[in-house]
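Down below is the structure, laid out as structure tokens.
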Amino acid sequence: MNRNLPHTNNLPFERHVVLVAPQIHWNTGNIGRTCLATGADLHLIRPLGFSLDSREVKRAGLDYWENVKPVVWDNFNDFLENTAPQHDEVAVFSKRGSKSFWSMICPRRQFLIFGSETRGLPDSILCKFSDATYHIPITSEIRSLNLSTAAGIALYESLRTAKPFHGWPQDR
């Protein structure tokens, strides 16, 4: 187990956004850009519904995509074995999540896990982390939020709740 993966920033906290079998390149590009903006690491779990070299992924990430450097894992078990998150470091997001994300606990190191756009997360992941599943409240007018929107909401709420000093120009 390698709990000390090379983290891409020098901030006093770690945020990891994990996409399990993402299908839509635009979403992954947008999420990558948000990760770069917050100092979070992006993890992608195969299978991917697109090539990381595709023009669309790069366009969604704008000219920032080359700096994102996502970590790509063959499967979820490889991801778990190599990152070794503690149970309280995991927040799993699903429209079927048992708790509102407003109650999310935000430790110094956190992995925010999301499923694919059309299938969500496999039941095996939802069961493994059943006490750490969250939903983002929405009205009954829609079925779900866009994946990149949900990831951005969850990531910024995680940062807000942890209240770290980011060192970002806007914080001064």
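Counting in our numbering, the final residue of the sequence shown is number 176, and the numbers go up one at a time with none missing. Using N, Cα and C, we set each Cβ at its ideal position, and we do this for glycine too. No experiment lies behind these values; they were computed from the predicted model shown.
Item	Value
Burial state of ARG59, where buried means 16 or more other Cβ atoms lie within 10 Å	exposed
Cβ neighbour criterion (16 or more within 10 Å) applied to SER102	exposed
Extent of the continuous beta strand (DSSP E) to which TRP77 belongs	75–77
Simplified DSSP state of GLU93, which is helix, strand or coil	helix
8 Å contact criterion, which VAL24 and GLY119 should meet: CB distance rounded	5 Å
Any C-beta of chain C under 8 Å from that of PRO141	Reference to chain C is not applicable here, since this structure consists of a single protein chain.
Range covered by the alpha helix (DSSP H) that runs through TYR160	151–166
Through-space distance from GLY156 to VAL72, alpha-carbon basis	15 Å
Cutoff 8 Å; reference LEU130; Cβ partners in own chain excluding five residues on either side	VAL96, SER98, ARG100, THR137
Euclidean distance between Cα positions of THR165 and ALA44	15 Å
Bridge-paired residues (DSSP) for GLN114	ARG19
Delimiting residues of the beta strand (DSSP E) encompassing ILE35	No beta strand (DSSP E) contains ILE35, which is instead part of the alpha helix (DSSP H) from 29–42.
Helix, strand or coil at VAL24 according to DSSP, with G and I counted as helix	strand
Opening and closing residue of the alpha helix (DSSP H) in which THR87 lies	80–87
Sequence-distant residues of its chain with Cβ nearer than 6 Å to ILE117 (five each side left out)	VAL22, VAL96
Where SER98 falls: helix, strand or coil (DSSP)	coil
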